[in-house]
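The listed protein sequences correspond, in order, to chains D and C.
Everything in the first sequence is counted per the UniProt record's numbering, starting at 1 for the first residue and increasing by one.
Everything in the second sequence is counted per the UniProt record's numbering, starting at 1 for the first residue and increasing by one.
Have a look at the structure below, then the notes.
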Amino acid sequence: MPQPVIASVGASPLGRTDLPGRDLFSVALAEAFDGLPDPADLVEAVYVGNQSESYEHQIMYGTLLAEWAGLRHVPAERVEGCAAAGALALRHAVKDVRNGEHEAVLACGVEKMTSAGTSGATDALSAAFDRAIEQRSGITAPSQYALLAQRYLHETEATERDLAEIAVKNHANAARNPRAQFPKEIDVATVLESDPIAPPLKLYDCAPVGDGAAAVLVTTAELAADLDRPQVRVAGSGASANNIAVAERDMTDVAGARIAAETAYEEAGIDAAAVDIAEVHDAFTVCEALLAEAAGFAPAGTGYQSYRAPAERADGWTDVQLSPSGGLKARGHPIGATGLLQALEAYEQLTGAAGDRAVEGAETALLLNEGGVADAVTVGHVLTTAEAP
Amino acid sequence: MTDGGLDATDPRTLPGFFDALADGELLGGVCADCGQVLLPPRPACYACGSRAVDVEPQSREGRVFSYTAVHTPPPAFAADAPYTVAVVELADGGRLLGRVTADYADVAIGDAVELTVREPTAAEREVALDYETDWPVHVFEPR
Numbered sequence: 001m002p003q004p005v006i007a008s009v010g011a012s013p014l015g016r017t018d019l020p021g022r023d024l025f026s027v028a029l030a031e032a033f034d035g036l037p038d039p040a041d042l043v044e045a046v047y048v049g050n051q052s053e054s055y056e057h058q059i060m061y062g063t064l065l066a067e068w069a070g071l072r073h074v075p076a077e078r079v080e081g082c083a084a085a086g087a088l089a090l091r092h093a094v095k096d097v098r099n100g101e102h103e104a105v106l107a108c109g110v111e112k113m114t115s116a117g118t119s120g121a122t123d124a125l126s127a128a129f130d131r132a133i134e135q136r137s138g139i140t141a142p143s144q145y146a147l148l149a150q151r152y153l154h155e156t157e158a159t160e161r162d163l164a165e166i167a168v169k170n171h172a173n174a175a176r177n178p179r180a181q182f183p184k185e186i187d188v189a190t191v192l193e194s195d196p197i198a199p200p201l202k203l204y205d206c207a208p209v210g211d212g213a214a215a216v217l218v219t220t221a222e223l224a225a226d227l228d229r230p231q232v233r234v235a236g237s238g239a240s241a242n243n244i245a246v247a248e249r250d251m252t253d254v255a256g257a258r259i260a261a262e263t264a265y266e267e268a269g270i271d272a273a274a275v276d277i278a279e280v281h282d283a284f285t286v287c288e289a290l291l292a293e294a295a296g297f298a299p300a301g302t303g304y305q306s307y308r309a310p311a312e313r314a315d316g317w318t319d320v321q322l323s324p325s326g327g328l329k330a331r332g333h334p335i336g337a338t339g340l341l342q343a344l345e346a347y348e349q350l351t352g353a354a355g356d357r358a359v360e361g362a363e364t365a366l367l368l369n370e371g372g373v374a375d376a377v378t379v380g381h382v383l384t385t386a387e388a389p
Numbered sequence: 001m002t003d004g005g006l007d008a009t010d011p012r013t014l015p016g017f018f019d020a021l022a023d024g025e026l027l028g029g030v031c032a033d034c035g036q037v038l039l040p041p042r043p044a045c046y047a048c049g050s051r052a053v054d055v056e057p058q059s060r061e062g063r064v065f066s067y068t069a070v071h072t073p074p075p076a077f078a079a080d081a082p083y084t085v086a087v088v089e090l091a092d093g094g095r096l097l098g099r100v101t102a103d104y105a106d107v108a109i110g111d112a113v114e115l116t117v118r119e120p121t122a123a124e125r126e127v128a129l130d131y132e133t134d135w136p137v138h139v140f141e142p143r
């Protein structure tokens, strides 16, 4: 079975940009193919992660981006799973390479979220929730996660200050990331005193709305070697859906995410303790706490300690570093691109290209990309260096 | 499997569920194999996969399982903000999300509430899909 690897990555600037979605993709593609043959000479299929047509009144993103990449008559499609769309695109590319169908597949993602303003983005994201009961109650993405946060604070020893510390840690990481939307440090008071969005969550507990695109080239190990590209193995991939209605779930155990992570570990032949870095879906601060537990890094009820140095965490925690990119919170969260931005961070970390934010000795990474509220769908990938055992 | 006979009068469909709710009756699916309560009812149990789902009236009394307030609403609900939303665990074991007719500061986990129904407002009808315009809206009132 061919070994799928990531052979190149690229991204557009993140945040409020003056480029439409297709042009953001063109920027990401140009970076990913710098020094490589043209996409038309390599790419055999395209998957595009994209959340909503409401931002730009555009569907058919598979066809559109294949065309913009100079590709014709290749399989190309948009994949949708709300904020997990990007990792679903990666997963499809990985499976195509693994099963021998294609030797080089482009996984990309794009979202142009600022075009409709905050209310337009709020409305577009609300479409991810069950229409009959939840949307009609006026629930929003932050308020869905606030329901999880409220229950988490009720069941654990975590405080609002702990959640704020997660945001502070991720901003500190983003300050060393030249790709970040918010490359600046903040303090706990800034988070705690920011405007209420959905209590206990405040503005600085929330990832921003933003524009962006990312492109990841998935190939066989042999082709990556022929292209003389640094390669990172995609050693495991898992995905799992949970109920769409948040009311029907265990609100402090994101079981779908746990299964996605465990499936990816199993394929990679590792356990949680082997993971050096993890890019987790911290769309809201509480997500990082929940996902640290689901990924097996933290005993139940202690995931909120992710901001602490490994030696200061509860017994049973691993020494993983969470979201060295700055996470969705501070690196940025252009929905459809997010899962691929996670892969980009891991690629740079594992190939020695992460500069000031490099996590020393990192050989194994876990990516967890969630769509809908929490684990409505979660995609997990394990990436390793070519040298990793 | 007997789902082939489903029509819009069946409470395992959304029109059937909301018709009953408009008459003041909260119907749940109850899995004959594992007992899981499904709100609204549906043809299959998510907990065990069984398609042996009975439809039974559910208690409208429950307790707040989690809650928040929406300060940044979708455009259609802008005039209502901030409003309180909760996940409520009903006495028969099912859970439902909905608005609570109380200020956020006056709600706590464990509070007793009761489900009531009202007609959609003009603003709610405005954003309703064609098939939703007559569906009642459920709200939880503190007991």
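Each residue gets a CB set at the ideal place from its N, CA and C atoms; glycine is no exception.
These numbers were taken from a predicted model, which means no experiment stands behind them.
Worksheet entry | C-alpha gap between residue 187 of chain D and residue 15 of chain C, whole angstroms | Distance between the alpha carbons of residue 187 of chain D and residue 15 of chain C is about 50 Å.
Practice prompt. For residue 246 of chain D, go through chain C and note every residue whose CB falls closer than 8 Å to its CB, in chain order.
Written response: Chain C residues near residue 246 of chain D: 87 and 97.
Item to complete: In the DSSP assignment, find the beta strand (DSSP E) that holds residue 31 of chain C and state where it starts and stops.
Response: Looking at the DSSP string, the run of the beta strand (DSSP E) that includes residue 31 of chain C is 27 to 31.
Worksheet item: When the Cβ atoms of the stretch 104 to 124 of chain D are set against those of the stretch 335 to 346 of chain D, are three or more pairs found closer than 8 Å?
Response: Contact between the stretch 104 to 124 of chain D and the stretch 335 to 346 of chain D is established, with three or more Cβ pairs separated by less than 8 Å.
Worksheet entry | contact_flag[the stretch 97 to 113 of chain C, the stretch 164 to 177 of chain D] where n(CB pairs < 8 Å) is 3 or more | Segments in contact, no.
Worksheet item: With distances taken from CA atoms, which of D/380, D/21, D/285 and D/119 is nearest residue 236 of chain D?
Response: The candidate whose alpha carbon is nearest that of residue 236 of chain D is D/380.
Item to complete: Would you mind reading off the limits of the beta strand (DSSP E) that contains residue 91 of chain D?
Response: Counting along the chain, residue 91 of chain D falls outside any beta strand (DSSP E), though it belongs to the alpha helix (DSSP H) covering 85 to 98.
Worksheet item: Does DSSP put residue 163 of chain D in a helix, a strand or coil?
Response: It is helical.
Worksheet entry | C-beta neighbour in chain D for residue 123 of chain C, strict 8 Å | No, no contact with chain D.
Discussion item. Using a Cβ-Cβ cutoff of 7 Å, what residues of the UniProt domain "ChsH2 rubredoxin-like zinc ribbon" (18 to 53) of chain C are near chain D? List them in chain order.
Written reply: Listed in sequence order: 40 and 46.
Item to complete: Report the neighbours of residue 14 of chain C on chain D: residues whose CB is nearer than 8 Å to its CB, in chain order.
Response: From the beta-carbon of residue 14 of chain C, the residues of chain D found nearer than 8 Å are 132.
Practice prompt. Could you pull out every unbroken beta strand (DSSP E) segment of at least 3 residues lying fully inside the stretch 128 to 212 of chain D, listed in chain order?
Written response: Complete beta strand (DSSP E) runs here, min 3: 196 to 198.
Practice prompt. Run through the UniProt domain "Thiolase C-terminal" (243 to 378) of chain D for me and flag every whole beta strand (DSSP E) of 3 or more residues, listed as ranges in chain order.
Written response: DSSP runs (the beta strand (DSSP E)) wholly in the UniProt domain "Thiolase C-terminal" (243 to 378) of chain D: 277 to 279 and 364 to 371.
Worksheet item: Does the stretch 135 to 150 of chain D touch the stretch 197 to 205 of chain D, meaning 3 or more C-beta pairs lie closer than 8 Å?
Response: As far as the Cβ criterion goes, the stretch 197 to 205 of chain D touches the stretch 135 to 150 of chain D, which means the pair count is three or higher.
Practice prompt. Measure the CB-CB distance between residue 141 of chain D and residue 125 of chain D and report whether it falls below 8 Å.
Written response: In this structure, residue 125 of chain D lies closer than 8 Å to residue 141 of chain D by Cβ.
Fill in: residue 40 of chain C classed as buried or exposed, judged by whether at least 16 other C-beta atoms fall within 10 angstroms
Residue 40 of chain C comes out buried.
Worksheet item: Are any of the Cβ atoms in chain D nearer than 8 Å to that of residue 131 of chain C?
Response: No - not a single Cβ of chain D is within 8 Å of the one on residue 131 of chain C.
Item to complete: Please report the Cβ distance between residue 76 of chain C and residue 50 of chain C, rounded to the nearest whole angstrom; I am assuming they are in contact, meaning their Cβ atoms lie under 8 Å.
Response: Incorrect: roughly 37 Å between the Cβ atoms, too far for contact.
Item to complete: Would you check if there are 3 or more beta carbon pairs closer than 8 Å linking the stretch 360 to 371 of chain D to the stretch 85 to 93 of chain D?
Response: Yes, since at least three Cβ pairs between the stretch 360 to 371 of chain D and the stretch 85 to 93 of chain D fall closer than 8 Å, the two stretches touch.
Worksheet item: Taking Cβ-Cβ distances shorter than 8 Å, what residues in chain C pair up with residue 150 of chain D?
Response: Contact annotation for residue 150 of chain D against chain C: 66, 67, 68 and 109 [CB-CB distance below 8 Å, chain order].
Item to complete: Could you tell me the distance, in whole angstroms, from the CA atom of residue 80 of chain D to the CA atom of residue 29 of chain D?
Response: Taking the straight line from one Cα to the other gives about 20 Å.
Worksheet item: Counting Cβ pairs closer than 8 Å, one from the stretch 255 to 275 of chain D and one from the stretch 169 to 183 of chain D, do we hit at least three?
Response: Verdict: no, contact absent.
Worksheet item: If we ignore side chains and look at the alpha-carbon of each, how far apart do residue 114 of chain D and residue 97 of chain D end up?
Response: In this structure, the alpha-carbon of residue 114 of chain D lies about 34 Å from that of residue 97 of chain D.
Worksheet item: Looking at the structure shown, is residue 26 of chain D part of a helix, part of a strand, or coil, going by DSSP?
Response: Note: residue 26 of chain D maps to helix in three-state DSSP.
Discussion item. Closest to residue 140 of chain C by C-alpha separation, out of C/62, C/72 and C/19, would be which residue?
Written reply: Of C/62, C/72 and C/19, the residue nearest in Cα terms is C/62.
Worksheet entry | the stretch 62 to 81 of chain D: positions lying closer than 9 Å to chain C by Cβ | Contacts with chain C (Cβ-Cβ distance below 9 Å) from the stretch 62 to 81 of chain D involve no residue at all.
Item to complete: Report, in whole angstroms, the separation of the C-beta atoms of residue 110 of chain C and residue 37 of chain C, which I expect to be a contact under 8 Å.
Response: In fact, because the Cβ distance is near 20 Å, the residues do not count as touching under 8 Å.
Worksheet item: Got a sec: which bits of the stretch 195 to 209 of chain D sit with their beta carbon under 7 Å from any beta carbon on chain C, in order along the chain?
Response: Among the residues of the stretch 195 to 209 of chain D, those with a Cβ less than 7 Å away from any Cβ of chain C are 196, 197, 198 and 199, in the order of the chain.
Practice prompt. Could you work out which residues of chain C lie near residue 57 of chain D, taking near to mean beta carbons separated by less than 8 Å?
Written response: For residue 57 of chain D, there are no C-beta contacts with chain C under 8 Å, since the nearest C-beta of that chain is about 17 Å from it.
Worksheet item: Along chain C, in chain order, which residues have C-beta atoms closer than 8 Å to that of residue 139 of chain D?
Response: Residues of chain C whose Cβ lies closer than 8 Å to the Cβ of residue 139 of chain D are, in chain order, 70, 85 and 97.
Worksheet item: Contact between the stretch 121 to 135 of chain D and the stretch 118 to 126 of chain C: three or more CB pairs below 8 Å?
Response: No, they do not touch.
Worksheet item: Ends of the alpha helix (DSSP H) at residue 127 of chain C?
Response: Start and end: 122 to 127.
Fill in: Whole-number beta carbon distance between residue 90 of chain D and residue 334 of chain D, since they are thought to touch under 8 Å
About 15 Å; that fails the 8 Å criterion.
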